[in-house]
Amino acid sequence: MNTKVKPFDSVVIVGFGDIGRRVAAIWQEKELNVSGLARSAESEQDMLAHNITPIRANLAEPDSLNNLPLQQALVYYFAPPPRHGQSDTHVENFLAAINENNLPARIVAISTSGVYGDCRGALVNEETPTNPQVDRARRRLDMEQQLRAWGRTLLPKPIVYTPMTLRRYVLLRPAKVWLITFIMSVMDVKAT
């Protein structure tokens, strides 16, 4: 019997696409409450069909993000960036909505290998310098930087808080299975 206490008591998914659905299903199997941000009635219905509690909010509308139920939650940030520009205003709005009354236990975000630019087939790792060549990759790098900077603002608190960003290296279907297994192993949970 596993007596280890989880450092979180619920899961909130921001970006309920294919990976969000798969991660939600794993947590539901473990009988943990899973919620997700829904920006439309259609998204709400999709979440309800998957037994996910919808939270009506839109990352592009800061006022809709007031009072997000994130307190002590494990947050998966899978939301895409805005379609234009070089900064990620969606994550900026999301982070601005977090305060001491709804501070999550942990945030795990997915980025992209595009933050490295064209490496011409060379192997990369987390120490490889970033060099995004297109605006979408610049927006993803901006998301990573915003999460890290936000996490550093919490350092005076008793618990050191470091948001985690995972960069997707390939987009093939088997990679999604690997990515989800990796995400769950990071959280010290066996993915099946």
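Take any residue in the sequence shown, note its place counting from 1, add 2, and you have its number in this note's numbering. For each residue, glycine too, the CB sits at the ideal point set by N, CA and C. On a predicted model such as this, the values are computed, not experimentally measured, just so you know.
Tell me which same chain residues have a C-beta within less than 8 Å of the C-beta of residue i, skipping the five on either side of it?
i      : result
Pro84  : Ala62, Asp90, Thr91, His92, Arg141
Ala59  : Leu39, Ala40, Arg41, Ser66, Leu67, Leu70
Cys121 : Thr130
Between the Cα of residue i and those of the options, spot the shortest distance and give me the residue it belongs to.
i      : options                     : result
Glu128 : Glu46, Asn53, Val117, Ala26 : Val117
Gln88  : Leu76, Gln135, Asn35, Leu34 : Gln135
Gln73  : His86, Trp29, Asn35, Asn95  : Asn35
His52  : Asn103, Ala43, Gln30        : Gln30
Ile100 : Ile28, Asn133, Pro64        : Pro64
Thr155 : Gly123, Ala124, Glu102      : Glu102
By Cβ distance, which residues of its chain are closer than 7 Å to residue i, with the 5 residues on each side in sequence left out?
i      : result
Gly22  : Ile15, Gly38, Tyr78, Phe80
Thr130 : Tyr118
Glu94  : Gln148
Thr5   : For Thr5, the predicted structure reports a pLDDT of 46, less than 50, and the residue's modelled location is therefore unreliable. A value from the coordinates is still provided. Counting only Cβ-Cβ distances below 7 Å, and skipping sequence neighbours, we find nothing.
Buried or exposed for residue i, going by 16 or more other Cβ atoms inside 10 Å?
i      : result
Ala98  : exposed
Gln47  : exposed
Leu76  : buried
Ala151 : exposed
Arg138 : buried
Pro106 : buried
Ala26  : buried
Ser12  : buried
Pro9   : exposed
Gly19  : exposed
Based on DSSP bridge pairs, tell me the residues matched to residue i.
i      : result
Ala81  : Ala81 pairs with nothing; no bridge assigned.
Leu97  : Answer by DSSP bridge pairing: none, since Leu97 is not bridged.
Ile54  : In DSSP, Ile54 forms no bridge with anything.
Gly153 : Answer is none; Gly153 lacks a bridge partner.
Would you mind reading off the limits of the alpha helix (DSSP H) that contains residue i?
i     : result
Ala26 : 20-31
Ala62 : Per DSSP, Ala62 belongs to no alpha helix (DSSP H) and is neither H nor E.
In chain order, what residues of the same chain have a beta carbon less than 6 Å from the beta carbon of residue i, not counting five sequence neighbours either side?
i      : result
Gly17  : Phe80, Ala81
Val126 : Tyr118
Ile54  : Ala26, Val36, Gly38
Arg108 : Leu76
Can a CB atom of chain C be found closer than 9 Å to the CB of residue i?
i     : result
Arg23 : Here chain C cannot be found, since the structure has a single protein chain.
I'd like the span of the beta strand (DSSP E) that includes residue i, first residue to last.
i     : result
Ser42 : First-last for Ser42: undefined, no H or E at that position.
Ser12 : 12-16
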